[in-house]
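**Q** Numbering (the UniProt record's numbering), first residue to last: 1 to 852.
I'd like to ask some things about the structure below.
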């Protein structure tokens, strides 16, 4: 293969990573060995995808780990004969760019694309095997045009809608957040500010319509996705079975529907609780006395200062306000006082719960705080789940010992129904089924399923994102932008104040926002919000299939050829947000007929974090490790090898505990072996040293299974053993001219391509071959060389190793014992003592026990 670059090496040259990197970069640029655009390529296909980066400055240590591990997989499958699609792009919309631009007084475009250029330069230096012809940026109009197209398809299908609702509000970034973007401590994952509630008109994607499918389809990912991620998704969707129960409200025409997982305990309901920030609470208070209205408004203000995490805390003092209204229990006609209390959330069920204080601890705490009735309707027959003993000395139920009104402990144990009319004596499961039957017969309830999952809130009140393609008429109508008018371009930032202020900066772009109604030409306004950037990443894996096609979002034919993604690689931080949204959009596109699969990522690998001295890297801790400095000191190959050798991919890497210096020394040893080989290319390895050949072929046989099990560190360790064996052969009587030495050196170069491509390519050239080693097929192990001619048997005397014997793998126990007893070292160790026991595990072990 001819190319214009001089890749010759001077005699006596020492391993120098900087020289090698400089030498091979232009060669690979010319060869483009990882391009996948040839329509005549008949190799079977694999799609390997790394979660694409956000362009915030240069690459960092987290990028170094993620792209090293993903590249091992992509390079491995090429060696196995696959045409591997391994694309790269940038997730380039979003708040960080906008906030950085505001801080610097510049356009977010400039900040974003400057960072992309820097990261791209570093990415090419890092030598990940990307197909650069498929590069994309989500902030390009050529990309976000199709975000808008996707929105319109969702809108036409009834899956995109707008409503007034209480939303999570980030007071620093002055924008809404989806539930998934609020951390468990109630703060914003973006700014770190405490999230508050605010009522706004927002756009949503109806992901709840797909809740069952999102949950049930996780079964096909079992064994291919980390169990932790599957569990997180199941918990987030949070499906629970129960009943919707209709409670009539005095003075209200329509009943209120309450979801409960325990309809069997309806006879134990003694009051109702409504979320104070639910519309129902405001409505009920408005129909009460002025005193109640005032008390409710004061309480609502107080509640809005609390985070959801605080409201759900079990040890928090219960607060609430009586709304002066009553509900009617549908099973016994009792009047139940209705309270507003912050331990109920507006987006759970219907924003109201029936309170059964005897059997729910939060309801009990509230009842005891406000003097409300407590009625036991499940008689437990032993210790309940809280550990409270509810039996007397004879083992019978003791009412005094188990009365929650006395003990302050709710009865959560199993038992039989009491004080419940015709349900008395039934167990929980039977009582639930019977109560649902009764409710359905009376028309006051029905079986129901509830989900923790809420619809995906996609509106953002910021500039740097995809404009929502809707026009609002003067009469309040919503008019989709015609598809032939896409993209709706972001206006220039000149004259716009991008600082967060609670409304989108786009609303101030007068020439942009004011447009004629496309239907009748009357004055209208564009929607000024932009889309959540998780929309961008929910389908980007499909855009990689034809990123330069301006006629369609992606080619369905290409999707049939390449998708779904065979192997996805990225951090577990995206276990809920990104992965759930991508799964949802994939199912929508399947329903629309654009694709033929229902899950976007067949297999998932989560890498751990790169730490320093046991802690996440941060400027405040002063423990930042700069990737650029590590690359300059140790070279790309050493850093990449260190990432792979540090441990299982899912484990965290503490950079203080690893050794890029050691990796560099190993690479130099491997590189020198290639230079020492003196046999000609094509020399018949069968004529070479058989012991070295057996070591080489055992490695060839074992490495694929280890890579496919993501045991990259074990592959590196085994490769180090092979290099040591090869060096020993060169320096011993075997010598550098032996064909088995060449074979081992070539296998070393082939394998090093997975981890350290510069060194691998240079070795391959020294061994007399043309680039690129990345496209060379994996060698097949010779089965004859995998049969062990001998194994090492360890001989112990009283637990101490006294000798090692080379024996046949098929040796019998008696023969192995005889050889062990004949060993001079063993005889000396036994001395005059009596042998009382001999344990033989042929062909590996003889353990001799003597009497002192």
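Even glycine gets a Cβ: it sits at the ideal position worked out from N, Cα and C.
As the structure is a computational prediction, the values presented were derived from the model and not from experiment.
1) Between which two residues does the beta strand (DSSP E) harbouring residue 791 extend?
2) Among residues of its own chain, excluding the 5 on either side of residue 384, which ones have a beta-carbon nearer than 7 Å to its beta-carbon?
3) Cα separation between residue 263 and residue 371?
4) If we require 4 or more residues per run, which alpha helix (DSSP H) segments fall completely within the region 723-799?
5) From residue 532 to residue 583, what does the alpha carbon distance come to, in whole angstroms?
6) Please name the residue, chosen from 124, 548, 734, 440, that lies closest to residue 134 on a Cα-to-Cα basis.
7) Which of helix, strand or coil does DSSP assign to residue 543?
8) Assuming the contact rule is C-beta atoms closer than 8 Å, residue 590 and residue 597 should be a hit. Round their C-beta distance to whole Å, please.
9) When the Cα atoms are used, what is the spatial distance from residue 461 to residue 540?
10) Nearest to residue 699 by CA position, among 432, 732, 751, is which residue?
11) Measure the alpha-carbon distance for residue 211 versus residue 538 and round it to whole angstroms.
12) In the structure shown, what three-state DSSP assignment does residue 355 receive?
13) For residue 523, count neighbouring Cβ atoms within 10 angstroms of its own Cβ and tell me buried if that reaches 16, exposed if not.
14) Determine the contact status of residue 170 and residue 193, defining contact as a CB-CB distance below 7 Å.
15) Using CA coordinates, which residue listed in 483, 444, 338 is at the minimum distance from residue 292?
16) Along the chain, which unbroken stretches of the beta strand (DSSP E) at least 3 residues long are found entirely within the region 404-482?
17) Quick check on residue 144: does DSSP put it in helix, strand or coil?
18) Given a threshold of 16 other Cβ atoms within 10 Å of its Cβ, counted over all protein chains shown, does residue 440 qualify as buried or as exposed?
19) Start and end of the alpha helix (DSSP H) containing residue 123?
20) If we require 3 or more residues per run, which beta strand (DSSP E) segments fall completely within the region 231-255?
21) Measuring CA to CA, which of 270, 717, 588, 680 is closest to residue 648?
22) For the candidate residues 604, 544, 536, whose alpha-carbon lies nearest to that of residue 571?
23) Can you tell me whether DSSP reads residue 194 as helix, strand or coil?
24) From the DSSP output, which residues share a beta bridge with residue 222?
25) CB-CB under 6 Å to residue 678, same chain, minus the five flanking residues each way: which ones, in chain order?
26) Look up residue 7 in the DSSP assignment and say whether it is helix, strand or coil.
27) Which residue comes first and which comes last in the beta strand (DSSP E) that contains residue 851?
28) Per DSSP, residue 337 is paired with what?
29) Can you tell me whether residue 889 is buried or exposed? The criterion is at least 16 other CB atoms within 10 Å of its CB, across all chains shown.
30) Could you give the C-beta distance for residue 805 and residue 820, rounded to a whole number, given that I count them as a contact under 8 Å?
31) How many Å lie between residue 355 and residue 367 at the Cα?
32) Report yes if the CB atom of residue 458 is closer than 7 Å to the CB atom of residue 203, and no otherwise.
33) By the three-class DSSP mapping on this structure, what secondary structure does residue 14 have?
34) Given a cut-off of 7 Å, decide if residue 259 and residue 509 are closer than it, judged by their beta-carbon atoms.
35) Name the two residues that bound the continuous alpha helix (DSSP H) containing residue 47.
36) With distances taken from CA atoms, which of 65, 795, 746, 831 is nearest residue 818?
**A** The short version:
1) 791-797
2) Confidence in residue 384 is poor, its pLDDT being 43 and thus under 50, which makes the residue's placement unreliable; the coordinate value appears in the next sentence. Excluding positions up to five away in sequence, the list reads 390, 411, 412, 413.
3) 24 Å
4) Counting whole runs of 4 or more residues, the region 723-799 contains the alpha helix (DSSP H) stretches 739-755, 757-766.
5) 16 Å
6) 548
7) helix
8) 7 Å
9) 23 Å
10) It is 751 whose Cα lies nearest to the Cα of residue 699.
11) 16 Å
12) strand
13) Residue 523 counts as exposed, since fewer than 16 other beta carbons sit within 10 angstroms of its beta carbon.
14) Cβ atoms of residue 170 and residue 193: closer than 7 Å.
15) 338
16) 415-417, 445-450, 470-473, 478-480
17) Residue 144: helix per DSSP, three-state reduction.
18) exposed
19) 108-126
20) 240-249
21) 717
22) 604
23) Correct three-state label for residue 194: strand.
24) 225
25) Correct list, in chain order: 736, 737.
26) Legend: pLDDT at residue 7 = 39, less than 50; position of this residue unreliable, value from coordinates given subsequently. Three-state DSSP puts residue 7 in coil, outside helix and strand.
27) For residue 851, the enclosing beta strand (DSSP E) begins and ends at 845-851.
28) 326
29) Absent from the structure is residue 889, since the part of the chain shown begins at 1 and ends at 852.
30) 7 Å
31) 9 Å
32) yes
33) coil
34) no
35) It is not in any alpha helix (DSSP H) - residue 47 instead sits in the beta strand (DSSP E) that spans 45-50.
36) 795
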